[in-house]
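J.: Residue -2 is where the sequence shown starts when you use the working numbering, and the numbers rise one by one after that. Ideal Cβ positions, reconstructed from N, Cα and C, are used throughout, including at glycine.
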Amino acid sequence: AYKYILKNTHQFGNLISTTVGNWQGKELSEKLELEVGKDLQFIRVNGTLVGGLVGLIIYTIAHFFI
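#1: In this structure, does DSSP put Q21 in helix, strand or coil?
#2: Between F9 and G22, what straight-line distance do the alpha-carbon atoms span, to the nearest angstrom?
#3: For the alpha helix (DSSP H) that I63 lies in, which residues bound it at each end?
#4: Nearest-angstrom Cα distance between T45 and L53?
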C-alpha cells in the first residue's frame, strides 16, 4: 500500500482537493465541528478564563496602585 501511495501521490491530492472542494459551507462547518469541537470549546473556555484573570489583574493594579 505504501509503494502505491508513493507512486500515486498526485492522484490522492487531487481526490482530497475535489472532495473538500465539493463540500458546502454548512457541511464543511459541521464536519470541522465534529472533528475539533471539543478542542475549540476547551480553547474558548481557557480564553475566557485567562481574559477574565488578566482583566481582573489590570483592574486591580489600576485601582489600587495607580
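T.: Reading from the atomic positions:
#1: Indexing the sequence shown from 1 puts residue 21 at position 24. Shown here, Q21 sits in coil according to DSSP, grouped into three states, outside any helix or strand.
#2: By 1-based counting over the sequence shown, the position of residue 9 is 12. By 1-based counting over the sequence shown, the position of residue 22 is 25. About 22 Å.
#3: Stepping through the sequence shown from its first residue, residue 63 is reached at position 66. In the DSSP assignment, I63 falls outside any alpha helix (DSSP H) and carries neither an H nor an E.
#4: Translated into the one-based positions of the sequence shown, residue 45 becomes position 48. Translated into the one-based positions of the sequence shown, residue 53 becomes position 56. Going from the Cα of T45 to the Cα of L53 covers about 12 Å.
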